[in-house]
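Reviewing the structure listed below.
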Amino acid sequence: MAKKSSVYFGKPLIELINDREKGSSVSGEINKTADRYMLICKNHGVKLTANECTVLCNFLENKTVNAMLIKHLFSEISQHKTTKVVGKKTLINKLAQHSIADIVAMIESLGF
Numbered sequence: 016m017a018k019k020s021s022v023y024f025g026k027p028l029i030e031l032i033n034d035r036e037k038g039s040s041v042s043g044e045i046n047k048t049a050d051r052y053m054l055i056c057k058n059h060g061v062k063l064t065a066n067e068c069t070v071l072c073n074f075l076e077n078k079t080v081n082a083m084l085i086k087h088l089f090s091e092i093s094q095h096k097t098t099k100v101v102g103k104k105t106l107i108n109k110l111a112q113h114s115i116a117d118i119v120a121m122i123e124s125l126g127f
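In my numbering, the protein residues as written are 16 to 127.
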């Protein structure tokens with residue numbers, strides 16, 4: 016059942032709506048994009064060990080997880096002041112080998 020709701024448009028949604036195909040509705044474009052995003056999240060990700068998950072969650076805690084942080088996640092972790100954390104280097108190497116889709120799906124699955 017469709018639910019009607021107010022949506023406040025930030026820059027990404029404004030760009031999405033401005034770039035939509037001629038004749039497509041705003042809600043249709045948002046729903047199409049959300050459907051594709053959910054598909055990516057269900058079919059991508061990074062398998063983490065319990066220790067890697069702890070290191071990553073501790074790093075992300077109290078941070079704004081925006082597109083820039085996601086794009087540069089492995090380098091941000093490597094530059095973070097907690098240089099002596101066990102498993103940090105392994106996590107950095109693992110993240111560096113994955114796609115943005117994998118990183119986004121992983122972060123989404125962790126609830127950030």
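The beta-carbon is built from N, C-alpha and C at its ideal position, and this holds for glycine as well.
These figures come from a predicted structure and were not determined experimentally.
Q. Whose C-alpha, out of Gly38, Ile118, Ile45 and Asn58, is nearest the C-alpha of Tyr89?
A. As a first step, residue 89 must be located in the sequence shown, where it is residue number 74. The question names Tyr, yet the displayed sequence has Phe at residue 89. When each option's Cα is compared against that of Phe89, the closest is Ile118.
Q: Mark Ala65 as exposed unless 16 or more other C-beta atoms lie within 10 angstroms of its C-beta, in which case mark it buried.
A: As a position in the sequence shown, residue 65 is number 50, starting the count at 1. Answer is exposed; the Cβ neighbour count stays below 16.
**Q.** Sufficient close CB pairs (3 or more, under 8 angstroms) joining the stretch 108-124 to the stretch 78-86
**A.** yes
(Q) Mapping the DSSP letters down to three states, classify Leu63 as helix, strand or coil. (A) Position 48 of the sequence shown, counted from the first residue, corresponds to residue 63. Three-state result, Leu63: coil.
Q: Give a yes or no on whether the C-beta atoms belonging to Gly102 and Val70 are separated by under 8 angstroms.
A: By one-based count along the sequence shown, residue 102 stands at place 87. By one-based count along the sequence shown, residue 70 stands at place 55. Contact flag set, yes.
Q. By DSSP, does Asn101 sit in helix, in strand, or in coil?
A. Mapped onto the sequence shown, residue 101 falls at position 86. Note on residue identity: the sequence assigns Val, not Asn, to residue 101. Coil at Val101, not helix or strand.
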